[in-house]
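Let me begin by presenting the structure, written as structure tokens, before commenting on it.
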Amino acid sequence: MSDQQKTEWLLLIHQIPPKPDYFRVKIWRRLQKTGAVAIKQSVYALPNSGQAYEDLHWIIKEITDGGGTASLSRTVFLEGLSDSQIELLFQTARNQEYEKIVKETESFVREITDAAEGSGSFFLRKKKEFSRIQNRFAEIVAIDFFNAPGRGAADRILGECDALLRETKKEISPETREVKKNVCGRTWVTRQGIYVDRIACAWLILRFIDPQGQLKFVADERYRPSANELRFDMFEGEFTHIGDSCTFEVLVDTFDLASRSMIAIAEIIHDIDLKDNKFSRPEVNGIQAIFSGMASTCSDDQDRLERGSRLLDELYASFGGILDKLVKT
């Protein structure tokens, strides 16, 4: 193979102080996240790319800030290790990760199968857990630079599990079942001063549940609805918190909207609204800051809804959701 045909690699060579132990582990985890593999002790390789250079640049800074030394080189291998041997190291590392995905999903499928008559909250919780497995799979695919053969098996079982979850039956109360049959053109009532959960619920209702519906903002938490009204995120409302689920999660579960994109948003809304860091979504702090800024600069509920809806549209699209209707605000 000529030099022109050889793969160009980035090599990170480091020396890390033996103490503290956590620092060495921290750097190792950083390298694992980039997809780098060790070709010998303290020497890590990535195929050359702009993203790889940036990732390794910041890891080098972290090593030097922690008292270690590190250098980065761009190279081709002329003797000794061949490109195919290095590529095999990458494939082996990714195959091990895909195998973990397969085993975890197989166990997950058994749980779902054994609990075929589980409650709606059980299946919503399982869909959230499955979303995390899918996200982990997507992270592995992003660093699978040489198409490890184990990807196919992981992809297949994830598809089978997704289909199984879509087929599961949930226990729905007669009252909720009746509401689900007739949600076209209803008036949806919630408290004034809408914030994260109520903004997200209003967006969900007008986008996916009742596009012909109307919103009504009231001051009284104990507001009594008229015949065509449904309350959400209110005292004794038809849709409100259940257990440790926020109202947005309850609506997603009730109306069978738990797609991968919607679950991601539900986890973000949950962590902001309930402040329990249950899902530890990386987007939470940024999204919360935007909502906080919106609340401090906008007191009108309709304006908050319009601004929040635009944000949620873009967030939904960023997770791969397809928006085919305009939110009516």
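Take any residue in the sequence shown, count from 1 to its spot, add 41: that is its number in the numbering used here.
All residues carry an ideal CB built from backbone N, CA and C; glycine is no exception.
Keep in mind the model is a prediction, meaning the values are calculated, not measured.
May I have the straight-line CA-CA distance separating S90 from H98, to the nearest angstrom? For the purposes of this step, residue 90 is taken as residue 49 along the sequence shown, with counting starting at 1. For the purposes of this step, residue 98 is taken as residue 57 along the sequence shown, with counting starting at 1. Their backbone Cα atoms lie some 12 Å apart in a straight line.
From D317 to D196, what does the alpha carbon distance come to, in whole angstroms? As a first step, residue 317 is located in the sequence shown; it is residue number 276 there, counting from the start. As a first step, residue 196 is located in the sequence shown; it is residue number 155 there, counting from the start. Taking the straight line from one Cα to the other gives about 32 Å.
Sort K74, R65 and V293 by Cα distance to R248 and report the nearest one. Numbered from its first residue, the sequence shown carries residue 248 at position 207. Ranking the options by Cα distance to R248, first place goes to V293.
Could you please give the first and the last residue of the uninterrupted beta strand (DSSP E) stretch that includes S340? Reading the sequence shown from its first residue, position 299 is the one you call residue 340. First-last for S340: undefined, no H or E at that position.
Beta-ladder partner(s) of R272, from DSSP: Residue 272 sits at position 231 when you count from the first residue of the sequence shown. Per DSSP, V230.
Who are the near neighbours of T348 in its chain, counting only those whose CB is closer than 6 Å to its CB and skipping five residues on each side? For the purposes of this step, residue 348 is taken as the residue at position 307 of the sequence shown. For clarity, residue 348 is Arg in the given sequence; the question names Thr instead. So the list reads M335, once near-sequence residues are dropped.
Considering only the beta carbon of each residue, do L52 and A86 sit closer than 8 Å? The residue labelled residue 52 in the question sits at position 11 within the sequence shown. The residue labelled residue 86 in the question sits at position 45 within the sequence shown. Contact flag set, yes.
Proximity to L353 [Cα-Cα], best of Q329, S337 and S340: The sequence position of residue 353 within the sequence shown is 312, counting from 1. Of the candidates Q329, S337 and S340, the one whose C-alpha sits nearest the C-alpha of L353 is Q329.
Environment of Y63 [buried if 16+ CB atoms lie within 10 Å]: Locating residue 63 in the sequence shown gives position 22, counting from the first residue. Y63 comes out exposed.
Measure the alpha-carbon distance for Q233 versus I153 and round it to whole angstroms. Mapped onto the sequence shown, residue 233 falls at position 192. Mapped onto the sequence shown, residue 153 falls at position 112. For Q233 and I153, the distance between alpha carbons rounds to 40 Å.
Could you round the C-beta distance between F289 and I310 to whole angstroms and report it? I think they count as a contact, below 8 Å. Locating residue 289 in the sequence shown gives position 248, counting from the first residue. Locating residue 310 in the sequence shown gives position 269, counting from the first residue. Indeed they touch by this definition, with Cβ atoms about 5 Å apart.
For R115, which residues does DSSP report across the bridge? One-based indexing of the sequence shown puts residue 115 at position 74. L51.
Using the beta-carbon count (16 or more within 10 Å), is V66 buried or exposed? Your numbering for residue 66 matches position 25 in the sequence shown. By the neighbour-count rule (16 or more Cβ atoms within 10 Å), V66 is not buried but exposed.
So which of P190, L271, F280 and A241 has the shortest CA-CA distance to C225? Start at 1 with the first residue of the sequence shown, and residue 225 comes out as number 184. Looking at the Cα atoms, L271 is the closest of the given residues.
What does the alpha-carbon distance come out to for the pair T338 and F332? The count along the sequence shown starts at 1 and reaches residue 338 at position 297. The count along the sequence shown starts at 1 and reaches residue 332 at position 291. Roughly 10 Å between the two C-alpha positions.
Examine the ligand FMN and report whether any of its heavy atoms sits within less than 7 Å of the Cβ of L256. Among the components of this structure there are no ligands whatsoever, and the ligand FMN is therefore not found.
Look at the Cβ atom of A243, then the Cβ atom of L256, and state whether they are nearer than 8 Å. As a working mapping, residue 243 is identified with position 202 in the sequence shown. As a working mapping, residue 256 is identified with position 215 in the sequence shown. Taking 8 Å as the Cβ cut-off, A243 and L256 qualify as a contacting pair.
Roughly how many angstroms separate the alpha carbons of F280 and A183, rounded to a whole number? As a working note, residue 280 is residue 239 in the sequence shown. As a working note, residue 183 is residue 142 in the sequence shown. Between F280 and A183, the C-alpha separation is close to 38 Å.
CA-to-CA distance, R265 to T146, given in whole angstroms: For the purposes of this step, residue 146 is taken as the residue at position 105 of the sequence shown. For the purposes of this step, residue 265 is taken as the residue at position 224 of the sequence shown. If I take the Cα positions, the gap works out to 46 Å.
Validate contact between the segment 164-176 and the segment 134-151 using beta carbons, cut 8 Å, 3 pairs: yes
Buried or exposed by the 16-neighbour rule on C-beta atoms within 10 Å, applied to R227: In the sequence shown, the residue the question calls residue 227 occupies position 186. That one is buried.
Do you know whose CA, among I246, R70 and D238, lies nearest W229's CA? Taking the sequence shown and counting its residues from 1, the one referred to as residue 229 is at position 188. Out of I246, R70 and D238, I246 has the C-alpha closest to the C-alpha of W229.
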